[in-house]
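Start counting the sequence shown at 1; every next residue gets the next number (our numbering).
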Amino acid sequence: MERDGISTTQISLIRKHTEIIRPPRALWVPFVLGRPLGAPGNPEFQHRVLRAALELLNAPKGPLIEDFPDDPPDESGGKDKSFKEWSCPVSFKNRMGEDNDLENLRSDFNREVAELRSWYGLNLKKVNRTAIVAFSPDSASKLLGGFVIGEPPEFSEADFSLATALRLAAQDLKSFYFEAVTARPGSGFPSIEAFNRWFWHKTAAAKILKAVKDRCLKEADASLRMTGALLLIPMDQM
């Protein structure tokens, strides 16, 4: 595009990577991974970030990296909002302490998804957008839950390989959980750390994803093994 005279710009979350890639123009932002515009639910701050990135289009051809000057707004309102203070809008009654077989685990998982669906719908109606891209909550739960017990996957392999489908379903599932738990009146937006502590340690969904990972690592398909090793569970949650 630059060769054709079309200026480009981007937002960078990892400065070192941007320095290596050397794009024509980039705005580095001091935000956590997954939040390139800073704090969610704060359109004024997000617009500032977007304007700063777009203003780089006026700069001559780079490579150019400019730093965004501000940290994201304090989501806790100036308080150290502990994990205990932020909680899910529903109380799951899963057998999380038991040595569940996979059928019981899938049953717990399906019940979680059903309990969160109304909260997700409330949030979708309120904000009129979603980060879910490829798999609805039901299709994601069916694919992931079926995979761990060996059911044949039901999706169009013309669109995705199984490895790609599992990765996208996992991403959409986490988006579904995040959007659902932020719908409760007064709950606000959890920090990335608070959400991850809850999701990876308190839900059957996390156990399902860990079971998907374990099965992927045993598969002959190299793309499934790579997905299991690198693309389903964050390194700090393994």
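Cβ coordinates follow ideal geometry from the N, Cα and C atoms, glycine included.
Just to confirm my understanding: we take residue i, look at its own chain, exclude 5 residues before and 5 after, and list those with CB closer than 7 angstroms. What are they?
i, result
"residue 36", "11, 13 and 29"
"residue 146", "153"
"residue 217", "225, 228 and 229"
Flag this pair as yes or no: are the beta carbons of residue i and residue j separated by less than 7 angstroms?
i, j, result
"residue 112", "residue 204", "yes"
"residue 215", "residue 148", "yes"
"residue 134", "residue 168", "yes"
"residue 234", "residue 176", "no"
"residue 15", "residue 59", "no"
"residue 199", "residue 40", "no"
"residue 123", "residue 44", "no"
"residue 208", "residue 172", "no"
"residue 116", "residue 170", "no"
By a C-beta neighbour count over all protein chains shown, 10 Å radius and 16 as the cutoff for buried, is residue i buried or exposed?
i, result
"residue 51", "exposed"
"residue 276", "Nothing can be reported for residue 276: it is not among the residues displayed for the chain, which extend from 1 to 238."
"residue 6", "exposed"
"residue 20", "exposed"
"residue 213", "buried"
"residue 34", "exposed"
"residue 105", "buried"
"residue 144", "buried"
So, does the CB of residue i fall closer than 7 angstroms to a CB anywhere in chain B?
i, result
"residue 10", "Absent here is chain B; the protein component of the structure consists of one chain."
Beta-carbon within less than 8 angstroms of residue i's beta-carbon, same chain only, minus the 5 sequence neighbours each way: which residues are those?
i, result
"residue 53", "9, 10, 11 and 27"
Closer than 6 angstroms by C-beta to residue i: which residues in its own chain qualify, once you throw out the five before and the five after it? Chain order, please.
i, result
"residue 57", "7 and 9"
"residue 78", "With a pLDDT of 41 at residue 78, under the threshold of 50, the predicted position of this residue should be treated as unreliable, and no value is reported."
"residue 47", "none"
Which runs of the beta strand (DSSP E) at least 3 residues long sit entirely within the segment 100-130? Give them in chain order. none
Can you list, in chain order, the stretches of the alpha helix (DSSP H) that have 4 or more residues and sit fully within the segment 144-220? 162-181, 192-202 and 204-217
Which complete alpha helix (DSSP H) runs does the segment 3-44 hold, if anything under 4 residues is left out? Qualifying alpha helix (DSSP H) stretches, in chain order: 15-21.
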